[in-house]
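What follows is a set of notes on a single structure, which appears directly below.
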Amino acid sequence: MLTHRGFSAWIVVDGKEVPEHLVAVDIDANRVSCWIPGEEGQRFSVYWKDHGGRIDTCAFITLDGFVVPGRFLFGEGVACREGVRTSRTTERPFIFQKVHDEATSTMQAMAKDAGMIALRIKRITRVASKPANALQSLPSAVLGKRKAGDLFGEEAPAFEQYSSTWSVKPYGQNGPSCKEPKTYVSFVFRYRTREFLEAQGIIPESAVRPPQRPLIALRLAFPIKRRK
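The sequence shown begins at 1 in full-length UniProt numbering and counts up one residue at a time.
This is the structure in structure tokens:
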């Protein structure tokens, strides 16, 4: 679990929190980053917690460069996002992607968000209720190679979408100078396969090596006679 500025965030796979490695805190950017293991096609959920800041917040999740709205927290509590909505009653789950670390230099700029889950939390003031946001269009391609919807798993039933949401403004600002709330804190999870992270020395090797057999000197029952 990553914690900074009164908030925590973590990734869950199969009901268990994924351990973070090589955690780094950027005080100037109000950002915490880490590495986590993630296998291609594996489903995951993004969780975050407000430890009692008593200020409303909204969140946004960026998956391999694709932005998905998070949820509101009203000064405390825990929120979770498991996928992107495809209808009022269905969604497609988040899944880990295959990351090509051998990308050429010409692709590096395009691939900078590959293998990355980012959660941005913004402090806001609720203004008024409004109709629910329109459904997102899934990307037709990511990094120029993936097919439509490759960022997500197969469509599945989900709780029914609320009929309304909130229009917001930045917390503590009443003037027109700042229309978009700024990020208060962000958490970045960079994922790769366990084998890659072990090879890079980011996480310890998990393979259980078989115990070596002790060398035992065997005493012969009968002495060997030397030939003359």
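Quick reminder that beta carbons are idealized off the backbone N, C-alpha and C, glycines included.
Whole angstroms are fine: how far does the CA of residue j sit from the CA of residue i?
{"i": "Met107", "j": "Asp64", "result": "Because the pLDDT at Met107 is just 44, under 50, the model does not fix this residue reliably, and the point stays unresolved."}
{"i": "Glu82", "j": "Phe96", "result": "12 Å"}
{"i": "His100", "j": "Met116", "result": "13 Å"}
{"i": "Phe152", "j": "Asp113", "result": "16 Å"}
{"i": "Cys80", "j": "Gly172", "result": "26 Å"}
{"i": "Asp28", "j": "Lys16", "result": "31 Å"}
{"i": "Thr89", "j": "Tyr184", "result": "31 Å"}
{"i": "Gln136", "j": "Val68", "result": "8 Å"}
{"i": "Phe189", "j": "Ala128", "result": "33 Å"}
{"i": "Glu40", "j": "Glu180", "result": "35 Å"}
{"i": "Lys49", "j": "Gln200", "result": "31 Å"}
{"i": "Thr57", "j": "Leu138", "result": "25 Å"}
{"i": "His4", "j": "Thr86", "result": "32 Å"}
{"i": "Thr104", "j": "Ser167", "result": "Note that Thr104 has pLDDT 41, beneath the 50 cutoff, so the model's placement of it is unreliable and no number is given."}
{"i": "Gly53", "j": "Phe72", "result": "13 Å"}
{"i": "Glu155", "j": "Gln161", "result": "15 Å"}
How many whole angstroms separate the CB atoms of residue i and residue j, which I take to be in contact at a CB cut-off of 8 Å?
{"i": "Ile36", "j": "His21", "result": "7 Å"}
{"i": "Phe44", "j": "Phe94", "result": "5 Å"}
{"i": "Gly70", "j": "Ile61", "result": "5 Å"}
{"i": "Gln42", "j": "Val13", "result": "6 Å"}
{"i": "Pro170", "j": "Ile124", "result": "7 Å"}
{"i": "Leu2", "j": "Val32", "result": "5 Å"}
Within 10 angstroms of the Cβ of residue i, are there 16 or more other Cβ atoms? Answer buried if so, exposed if not.
{"i": "Lys122", "result": "buried"}
{"i": "Pro131", "result": "exposed"}
{"i": "Phe159", "result": "exposed"}
{"i": "Arg92", "result": "buried"}
{"i": "Ala9", "result": "buried"}
{"i": "Tyr191", "result": "buried"}
{"i": "Ser186", "result": "buried"}
{"i": "Val18", "result": "buried"}
Identify the continuous alpha helix (DSSP H) that holds residue i and give its terminal residues.
{"i": "Phe196", "result": "194-199"}
First and last residue of the beta strand (DSSP E) that includes residue i?
{"i": "Arg92", "result": "90-93"}
{"i": "Lys98", "result": "Here Lys98 belongs to no beta strand (DSSP E), and DSSP marks it neither H nor E."}
{"i": "His21", "result": "21-26"}
{"i": "Gly77", "result": "77-81"}
{"i": "Tyr47", "result": "45-50"}
{"i": "Val12", "result": "7-13"}
{"i": "Met116", "result": "116-131"}
{"i": "Arg31", "result": "31-37"}
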